[in-house]
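Converting from the sequence shown to this note's numbering requires adding 21 to each position, the first position being numbered 1.
Scroll down for the structure; my scribbles are underneath it.
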Amino acid sequence: MDQEPEELLYHDMTVLSEAAIGFVELDYKSDIYKYIGENLHKLLGDSIVIINEFIQSEQATITKHIFGVSETVDRVLFRTLIRPNPFKSSFPISVSAQRNLISKRLIKVQDGLFGIGQGRFPRVLTKVAELSASITGAYTLGFSWKGQLFGNAVVLLRHGNKLREKSIEAFLHQAAVALQRHRTELELRKAHAELEIKVEERTADLKEAMRDLEKFKLAVENASDLIVITDAGSNIIYANDATSTMTGYLNKEIIGKTPLFWGDKSDPEHGKIWDTVRRTRKYAIKEVRNIRKNSQGYIAETQVAPVLDAEMNIIFCVYIERDITKAKEIDQAKSEFVSLASHQLRAPLTSVNWYTEAILNGDTGKINDEQKKYISEISEANHRMIKLVSSLLNVSRIDMGTFMIEPEPCDLIEIVKSVVLELRPKITEKKLEVEENYIKINKVMIDPNLTRIIFQNLISNAVKYTQEGGKIYIAVEIKKDSQPRKSLLITVKDNGFGIPKNQQDKVFTKLFRADNIKEKVSEGTGLGLYIVKSILDHSGGEIKFYSKQHKGTAFFVTLPFSGMPKKSGSRELSATKL
Ligand code: ADP
Numbered sequence: 022m023d024q025e026p027e028e029l030l031y032h033d034m035t036v037l038s039e040a041a042i043g044f045v046e047l048d049y050k051s052d053i054y055k056y057i058g059e060n061l062h063k064l065l066g067d068s069i070v071i072i073n074e075f076i077q078s079e080q081a082t083i084t085k086h087i088f089g090v091s092e093t094v095d096r097v098l099f100r101t102l103i104r105p106n107p108f109k110s111s112f113p114i115s116v117s118a119q120r121n122l123i124s125k126r127l128i129k130v131q132d133g134l135f136g137i138g139q140g141r142f143p144r145v146l147t148k149v150a151e152l153s154a155s156i157t158g159a160y161t162l163g164f165s166w167k168g169q170l171f172g173n174a175v176v177l178l179r180h181g182n183k184l185r186e187k188s189i190e191a192f193l194h195q196a197a198v199a200l201q202r203h204r205t206e207l208e209l210r211k212a213h214a215e216l217e218i219k220v221e222e223r224t225a226d227l228k229e230a231m232r233d234l235e236k237f238k239l240a241v242e243n244a245s246d247l248i249v250i251t252d253a254g255s256n257i258i259y260a261n262d263a264t265s266t267m268t269g270y271l272n273k274e275i276i277g278k279t280p281l282f283w284g285d286k287s288d289p290e291h292g293k294i295w296d297t298v299r300r301t302r303k304y305a306i307k308e309v310r311n312i313r314k315n316s317q318g319y320i321a322e323t324q325v326a327p328v329l330d331a332e333m334n335i336i337f338c339v340y341i342e343r344d345i346t347k348a349k350e351i352d353q354a355k356s357e358f359v360s361l362a363s364h365q366l367r368a369p370l371t372s373v374n375w376y377t378e379a380i381l382n383g384d385t386g387k388i389n390d391e392q393k394k395y396i397s398e399i400s401e402a403n404h405r406m407i408k409l410v411s412s413l414l415n416v417s418r419i420d421m422g423t424f425m426i427e428p429e430p431c432d433l434i435e436i437v438k439s440v441v442l443e444l445r446p447k448i449t450e451k452k453l454e455v456e457e458n459y460i461k462i463n464k465v466m467i468d469p470n471l472t473r474i475i476f477q478n479l480i481s482n483a484v485k486y487t488q489e490g491g492k493i494y495i496a497v498e499i500k501k502d503s504q505p506r507k508s509l510l511i512t513v514k515d516n517g518f519g520i521p522k523n524q525q526d527k528v529f530t531k532l533f534r535a536d537n538i539k540e541k542v543s544e545g546t547g548l549g550l551y552i553v554k555s556i557l558d559h560s561g562g563e564i565k566f567y568s569k570q571h572k573g574t575a576f577f578v579t580l581p582f583s584g585m586p587k588k589s590g591s592r593e594l595s596a597t598k599l
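Dropping the structure here:
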């Protein structure tokens, strides 16, 4: 018996609603297209339903789901007659077909069975298919939602079927909603899975970083140097184990205080390193005197490294301290030994000098030429020994900090000129051309003895390390580019042997003699420039040089125009170079 149309519609809608809810509740792995196909087939009675899923806008993948087709029909119609079998591949969907499916949703296929979209099926085969499956009409139904096409169903009506367009449309609507949700859920799950992988990777990275951090922490905690981290205001926020070993203070006694807490306040260097770091925002290193909790003093080499933000503000500082008291004591003992030994050596060398001079002067009677030659050799060697011993004495006085700086108003040019005069015999002997260029200046507050040592070393080096017939240029001028702090610039330049590039960083170190001159010039101790640099370091001056092998060398010394600062000490340095 035929059902009333309204009743039927009501019935269909119930099925559809259930189906729609069902779609949403479907497990994401289950085949939602199959579900739609089954329900459509149920709705339309004895019809054939083929479901296509669209993967991209221009491509459709035909699902395997064909509903309402008996084994025979399926075989005859879809697997034998139609070749190549289109149901296993994807095929293009024309733009106009897509537009139609989105806007109209339900299209009566006028032009044969598979007229929609492809046209790949010969009309004659289509006819055979229509006849063998007694197909009377074909529709294509689009599943679209908000302008997006998810797929379509091709419905082939058989004899006696009717397509109730209203209920079908409602079904399609719900199917599209369900598909949309289904896809969203799929995407969500995919994103979730990807996120999980990312989280896992990140967790592994973090674990690795934590392990590194742990190692780093262990290294810092167990380091023999005192390591402290302070905030921007230099208040301690972390202190390693060595801190209490070195200072005697417990962690809780120093957290929140500054490392200056155990500094010796009577030390003139006290606190200076922090001022430097705050001013320059750069790493600094300084030697200071500190005091342990038990009142014992010690000498520390302190280092502060600031950590800055993007605006160059200090966020925190790493403060490191090493107890160098022992090393200092050993250094001091070495210097004292050198000082003592040099001192003791000086007296006999001076005696040798007197006696050789006396013999050479004929005080002990006439000597023949051969004797004179030998005695002269002894005298020469003795002179060199005296210079070496005096240089060693100078170095020990510098290293022990016992040398003094006694500034007094001096004519700097006079000093340079007198040094050149002293060296004149050697200059003449080597046929050197000397160009001098001095500005007129008033007297400056400098230590004449130390200034003489500086010139003696630089000019005698230029003489010594320049080949015969070479050129030397000596100049004293005022350096104007360092206003408002004017300074005196002294230049000693030669076109001699030069210093090999790979050894230039050692020029101011003790006992350095460059490879290129060792054989050419045997005379030399390698202490002269170390002494010059030390004097300048203590008198506010600077020394720089430029040198090229076989071309020459230029030394540039700057001294503050205001003069050298006074430095008290018990010893003078002696001029040794000439
Ligand atoms: P030394 O007693 O050997 O001259 P210095 O300390 O005065 O010792 O100089 C160290 C070394 O630097 C020299 O041995 C030499 O190799 C190099 N040197 C210094 N001045 C010059 C120069 N004007 N030209 C070439 N080499 C120089």
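All C-beta atoms, glycine included, are put in the ideal place defined by N, C-alpha and C.
In this text, all values refer to a predicted model and were calculated from it rather than measured experimentally.
- Taking a C-beta distance under 8 Å as the contact criterion, Ile434 and Leu471 do not qualify as a contact pair.
- In the DSSP assignment, Trp166 falls outside any alpha helix (DSSP H) and lies within the beta strand (DSSP E) extending over Ile156 to Trp166.
- Looking at Ile552, Gly519 and Gly562, the one whose alpha-carbon comes closest to that of Lys539 is Gly519.
- Residue environment for His62: buried (at least 16 other C-beta atoms within 10 angstroms of its C-beta).
- Distance from the Cα of Ala354 is smallest, within the candidate group Val373, Asn374, Ala496 and Arg418, for Arg418.
- Measuring C-alpha to C-alpha distances from Lys572 to each of Ser356, Lys514 and Lys531 identifies Lys514 as the nearest.
- His203 and Gln169 have their alpha carbons spaced roughly 14 Å apart.
- Contact annotation: the stretch 214–222 does not touch the stretch 180–189, with fewer than three C-beta pairs closer than 8 Å.
- Between Ile388 and Ile399, the C-beta spacing is not below 8 Å.
- Restricting attention to Val528, Arg592, His559 and Gly547, the CA atom closest to the CA of Ala575 is found in Val528.
- The secondary-structure analysis by DSSP pairs Ala305 across a beta bridge with Val325.
- Where Lys514 is concerned, the enclosing beta strand (DSSP E) starts and stops at Ser508 to Asp515.
- The three-state reading of DSSP puts Thr487 in coil, since its state is none of H, G, I, E or B.
- Collapsing the DSSP output to three states places Pro430 in a strand.
- At the C-beta level, Asn482 and Gly562 stay beyond 8 Å of one another.
- For the pair of segments examined, the stretch 458–469 was found to touch the stretch 428–445: the number of CB pairs separated by less than 8 Å reaches three.
- Ranked by Cα distance from Glu489, the first of Ser124, Val542, Ile320 and Lys507 is Val542.
- Taking the Cα positions, Gln201 is about 12 Å away from Leu209.
- For Leu247, same chain residues with a beta-carbon under 6 Å away, outside a window of 5 residues either side, are Ala263, Thr264, Met267 and Glu342 in chain order.
- Contact annotation, Asp432 with Met585: C-beta distance approximately 15 Å; criterion of less than 8 Å not satisfied.
- In this model, Glu322 and Leu453 are separated by some 47 Å (Cα to Cα).
- In this structure, Lys393 and Leu381 form a Cβ contact; the two beta carbons are roughly 7 Å apart against a cut-off of 8 Å.
- Our two residues, Leu329 and Lys554, have alpha carbons roughly 34 Å apart in a direct line.
- Counting only residues of its own chain and dropping the five nearest sequence neighbours on each side, Gly292 has a CB closer than 8 Å to the CB of Leu281 and Gly284.
- For Trp295, the number of other beta carbons within 10 angstroms of its own is at least 16, and it is reported as buried.
- Asn73 carries a strand assignment under DSSP once its states are collapsed to helix, strand and coil.
- Ile495 is positioned such that its CB atom lies no closer than 8 Å to that of Lys507.
- Judged by beta-carbon spacing, Val176 lies within the 8 Å limit of Val70, meaning their Cβ atoms are closer than that value.
- For secondary structure counted as the beta strand (DSSP E) over 3 or more consecutive residues, the stretch 442–490 holds these complete runs in sequence order: 454–459 and 465–467.
- Counting only the Cα atoms, Thr377 lies some 25 Å from Leu361.
- For Gly491, the CB stays at least 7 Å from every heavy atom of ligand 1.
- Not one heavy atom of ligand 1 sits closer than 7 Å to the Cβ of Phe476.
- Per DSSP, Glu186 is one residue of the alpha helix (DSSP H) stretching across Glu186 to Asn243.
- Ala535 has its Cβ nearer than 7 Å to a heavy atom of ligand 1.
- Annotation for Thr266: the continuous alpha helix (DSSP H) segment containing it runs Asp262 to Thr268.
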